[in-house]
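Chemist:
Residue numbers (my numbering): 20 to 773.
So this is what it looks like as structure tokens:
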């Protein structure tokens, strides 16, 4: 029998060896030790364990989202696997139990702890209460060699968590591959009853399920619907993936870059790689077409330039175009011939300039024939100042004209779609002269009119007739091509036929006939000027009263230059011109139809000078009147003037002699009047209230148009109305003697009336 080494000493040596070897994994495994002390020998077999315990959670997994109030935790514990060089195949683990601790979050306090058995390397923690929010479960494992290791599982709890959810991918995500493996998260233990109606039957514990499904994808949208059963309730879970053919650039195919439109929005079309999920246009989602490549949307536009940007998702390809919104219609800046023109030719060349590039159509509607169009666009470069610009010109050559009025419409349409219609009225005429105004058969409320003519070429007037009466003032007048106006064409009340006889440039004579009706009443014109007979200064503010026979009186006030004018009915009329401080003027006449009567009045002014009184005594039975009658102009004596004295008792007369002197004796005492008259002169009359002495009476006469015509009354031709010039210059008088104090209530002295 061999002596044995004390077991304690041997075990200590082996343990020290194992501890020293634990730092190296290649020394792990079974070891046999032999020890001897003298003749004593002993053997000891040991298993050296250099591996820390490993805990692996099988459900739920790290990062899971759970939805219940409790769950079951499962996992595996591994320590030392059977060493391949060990022929005895020692067991792989030596665990029996493990400890766990539930924390309120990663760094929160411990809320629950416990232990769980380990059976064949597996453990189960059933019905673990859960905290809402983040949960951290720490599992501690201790092996026979004394190694102690803790492993943490972090997961979230939300009572409202969906039954199933995608993990790592998004619903609507685009992919380039033909297949896709997806991870799911189940809030609780769930069974997939079917996928897109096809029975499935797979069951998943609560939490993450990596690579839960391998999906085959076709180009375009791929939608999957899972029918689920969890905790006795059924639900559906759907998601869509888009398989895109490539990341190729996208393109806006309509409208083109630089397009012009006149609408508030424009439909925009984008072509994207096949299968693109969606596209936005200026942030607005576009609608995908059936071809899975075309996307369209209406994009609002502002006036002026707009940039439209397209973005394809999920790869972010971009494209943009510039679109101009133009709502301003094109304009015709200039055009020749202008509308309203009359042409002698049977065809016209119509040309002009428009405000912007535009297509033009010339539409004729003459005689209701079929309308025809001539589209044309010509851009002519031109230099304006230092800047090169473009003139947008057009021309329609040899546009046929029908006789008479041609109603033509120039239709413009710009590149934005705006249109405008410009009327163009051209008259084809075989006559070289046209009356523009007044129109034939029209009426005017006057006894004269103006003729507005258009000469198509240079021509000469030969005669102008109105109502058969020739107006010679227009004879021989030359008209150049263009517009001309003949003023003061006299008309008679009623219908007036007007004939214009002219000679064309080539020598041919033509006659133009029209008619105008005058609706004016038969009237004449009275006009003239009121002045001071002595100074010649105009008298403004004088009131002239015209009293036509059978009509209401007409009052006119002179202007500052002494002039006046008014229309009066034809026939007899009387005129009076009273003005404070002047002798009044008056007269009568007969106004003819259309006559212009010019009557000027020069009024004599009363004036206070130093009187020369020669009293003959008082208490006489009669008075004596003597004086001299002279002409206002030049102061020459006026012979043959009749001086009439009228009183209550007698009427006495005397004629002035060659020296203008007169004398009347035997005038009864008392008031009397003196009247001085002579054919062709304005009559003068005075009243003397009381005369008891001799009176020296001097008077001056001026020729009076109020009593007859003075001047000429001429007619230069039939076109000129009769102009009658009349005048009135009144005299002045001087009263001498005390009795003169009663004359018109004035003081004795020198008086003038104008």
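C-beta atoms are modelled at their ideal positions from N, C-alpha and C, and glycine is treated no differently.
Taking Cβ positions, are residue 360 and residue 299 nearer each other than 9 Å?
Modeler: Working through the chain shown from its first residue, we reach residue 360 at position 341. Working through the chain shown from its first residue, we reach residue 299 at position 280. Contact: no.
Chemist: Would residue 537 be called buried (16 or more neighbouring beta carbons within 10 Å of its own) or exposed?
Modeler: Mapped onto the chain shown, residue 537 falls at position 518. Buried, since its Cβ has 16 or more Cβ neighbours within 10 Å.
Chemist: Going by beta carbon distance, what residues of the same chain come within less than 6 Å of residue 389, once the five residues before and after it are set aside?
Modeler: Here residue 389 is taken as the residue at index 370 of the chain shown, counted from 1. Since pLDDT at residue 389 reaches only 38, below the 50 mark, its modelled position is unreliable, and the value read off the structure follows with that caveat. Here the set comprises nothing.
Chemist: Is residue 437 closer than 9 Å to residue 343 when the C-beta atoms are compared?
Modeler: Locating residue 343 in the chain shown gives position 324, where the first residue counts as 1. Locating residue 437 in the chain shown gives position 418, where the first residue counts as 1. No, Cβ-Cβ distance for residue 343 and residue 437 is not below 9 Å.
Chemist: Just to confirm, are residue 225 and residue 205 a CB contact at a threshold of 9 Å?
Modeler: Translated into positions along the chain shown, residue 225 becomes position 206. Translated into positions along the chain shown, residue 205 becomes position 186. Yes, Cβ-Cβ distance for residue 225 and residue 205 is below 9 Å.
Chemist: Hey, is residue 622 close to the ligand NAP, as in C-beta under 8 Å from one of its heavy atoms?
Modeler: Absence of the ligand NAP is noted for the structure shown, with no ligands found whatsoever.
Chemist: Among the residues of its own chain, which have a CB less than 7 Å from the CB of residue 256, if the five just before and after it don't count?
Modeler: The count along the chain shown starts at 1 and reaches residue 256 at position 237. If we look at residue 256 and ignore the five residues flanking it on each side, its Cβ neighbours are 182, 183, 245, 247.
Chemist: Given that a residue counts as buried once 16 or more other Cβ atoms are within 10 Å of its Cβ, and exposed if not, what is residue 261?
Modeler: What you label residue 261 is simply residue 242 of the chain shown in a count that begins at 1. Residue 261 is buried by the Cβ-count criterion.
Chemist: Pairing CB atoms from the segment 263-274 with CB atoms from the segment 322-337, are three or more of them under 8 Å?
Modeler: Yes: the two stretches touch, three or more of their Cβ pairs being nearer than 8 Å.
Chemist: If you follow the beta strand (DSSP E) that residue 312 is in, where does it begin and where does it stop?
Modeler: Sequence index remark: in the chain shown, residue 312 carries index 293 (1-based). Premise fails: residue 312 is in no beta strand (DSSP E) and is neither H nor E.
Chemist: Look up residue 375 in the DSSP assignment and give the residues it is bridged to.
Modeler: In the chain shown, residue 375 corresponds to position 356, counting from 1. Looking at the DSSP assignment, residue 375 forms no beta bridge with any residue, so it has no partner.
Chemist: By Cβ distance, which residues of its chain are closer than 6 Å to residue 480, with the 5 residues on each side in sequence left out?
Modeler: Along the chain shown, read from residue 1 onward, the residue named residue 480 stands at position 461. Taken in chain order, the residues that qualify are 493, 496, 521.
Chemist: Give the secondary structure of residue 334 by DSSP, where H, G and I count as helix, E and B as strand, and everything else as coil.
Modeler: The residue you call residue 334 lines up with position 315 of the chain shown. Coil, per DSSP.
Chemist: Can you check DSSP and say which residues form a bridge with residue 690?
Modeler: Taking the first residue of the chain shown as 1, we reach residue 690 at position 671. DSSP output for residue 690 lists no bridge partner at all.
Chemist: Taking residue 84 and residue 175 to be in contact with their CB atoms under 8 Å, please state how far apart those CB atoms are, rounded to whole angstroms.
Modeler: Here residue 84 refers to the residue found at position 65 when the chain shown is read from its first residue. Here residue 175 refers to the residue found at position 156 when the chain shown is read from its first residue. Indeed, because the Cβ distance is near 5 Å, the residues count as touching under 8 Å.
Chemist: Which stretch, first to last residue, makes up the beta strand (DSSP E) that contains residue 617?
Modeler: As a position in the chain shown, residue 617 is number 598, starting the count at 1. Looking at the DSSP string, the run of the beta strand (DSSP E) that includes residue 617 is 615-622.
Chemist: In chain order, what residues of the same chain have a beta carbon less than 6 Å from the beta carbon of residue 455, not counting five sequence neighbours either side?
Modeler: Walking along the chain shown from the start, residue 455 turns up at place 436. These residues qualify, in order along the chain: 471, 473.
Chemist: Between which two residues does the beta strand (DSSP E) carrying residue 209 extend?
Modeler: Against the chain shown, residue 209 aligns to sequence position 190. 209-214 is the span of the beta strand (DSSP E), which, as asked, contains residue 209.
Chemist: What are the boundary residues of the beta strand (DSSP E) that residue 501 is part of?
Modeler: Within the chain shown, the letter at position 482 stands for residue 501. Start and end: 501-509.
Chemist: Quick one: is residue 577 buried, meaning 16 or more other Cβ sit within 10 Å of its Cβ, or exposed?
Modeler: Working through the chain shown from its first residue, we reach residue 577 at position 558. Under this definition residue 577 is a buried residue.
Chemist: Kindly list the residues whose CB is nearer than 6 Å to the CB of residue 822, restricted to its own chain and excluding five residues on each side of it in sequence; keep chain order.
Modeler: Residue 822 is absent from the model: the chain starts at 20 and stops at 773.
Chemist: Tell me the start and end of each unbroken beta strand (DSSP E) in the segment 135-170 that is at least 3 residues and wholly inside, in chain order.
Modeler: Here the runs fully enclosed are 141-148, 152-161.
Chemist: To the nearest angstrom, how far is the alpha carbon of residue 214 from that of residue 170?
Modeler: Working through the chain shown from its first residue, we reach residue 214 at position 195. Working through the chain shown from its first residue, we reach residue 170 at position 151. Those two C-alpha atoms are separated by around 36 Å.
Chemist: Report all residues from its chain with a CB closer than 6 Å to the CB of residue 517; omit the five preceding and five following residues, and keep chain order.
Modeler: Position 498 of the chain shown holds residue 517. 485, 533, listed in sequence order.
Chemist: Return helix, strand or coil for residue 4, following the three-state DSSP convention.
Modeler: Residue 4 lies beyond the stretch modelled for the chain, which goes from 20 to 773, so this question has no answer here.
Chemist: Which one or two residues does DSSP pair with residue 584 in a beta bridge?
Modeler: Here residue 584 corresponds to residue number 565 of the chain shown, with the count starting at 1. 546, per the DSSP bridge assignment.
Chemist: From the DSSP output, which residues share a beta bridge with residue 131?
Modeler: Along the chain shown, one-based indexing puts residue 131 at 112. BP columns for residue 131 point to 121.
Chemist: When the Cβ atoms of the segment 311-325 are set against those of the segment 460-471, are three or more pairs found closer than 8 Å?
Modeler: Cβ pair count under 8 Å is below three, so no.
Chemist: Taking 9 Å as the threshold (beta carbon to beta carbon), is residue 501 in contact with chain B?
Modeler: This model lacks chain B altogether, as it is built from one protein chain only.
Chemist: When you compare only the Cα positions, how much space is there between residue 286 and residue 431?
Modeler: The residue given as residue 286 occupies position 267 in the chain shown. The residue given as residue 431 occupies position 412 in the chain shown. One C-alpha to the other measures close to 25 Å.
Chemist: Please report the distance separating the alpha-carbon of residue 414 from that of residue 355.
Modeler: Taking the first residue of the chain shown as 1, we reach residue 414 at position 395. Taking the first residue of the chain shown as 1, we reach residue 355 at position 336. Whole-angstrom Cα-Cα distance: 10 Å.
Chemist: Checking 9 Å against the spacing of the C-beta atoms, do residue 555 and residue 621 come in under that value?
Modeler: Taking the chain shown and counting its residues from 1, one reaches residue 555 at position 536. Taking the chain shown and counting its residues from 1, one reaches residue 621 at position 602. Contact: yes.
Chemist: What did DSSP end up calling residue 611 once you bin it into helix, strand or coil?
Modeler: The residue labelled residue 611 in the question sits at position 592 within the chain shown. Three-state DSSP puts residue 611 in coil, outside helix and strand.
Chemist: Give the range of the beta strand (DSSP E) segment to which residue 89 is assigned.
Modeler: Here residue 89 is taken as the residue at index 70 of the chain shown, counted from 1. Taken as a continuous stretch (DSSP letters only), the beta strand (DSSP E) holding residue 89 covers 89-97.
Chemist: Grab the span of the beta strand (DSSP E) containing residue 275 for me, first residue to last.
Modeler: Translated into the one-based positions of the chain shown, residue 275 becomes position 256. Where residue 275 is concerned, there is no enclosing beta strand (DSSP E), given that its DSSP letter is neither H nor E.
Chemist: Would you call the segment 131-138 and the segment 75-82 in contact, with 3 or more CB pairs under 8 Å?
Modeler: In short, these stretches do not touch, since the Cβ pair count stays below three.
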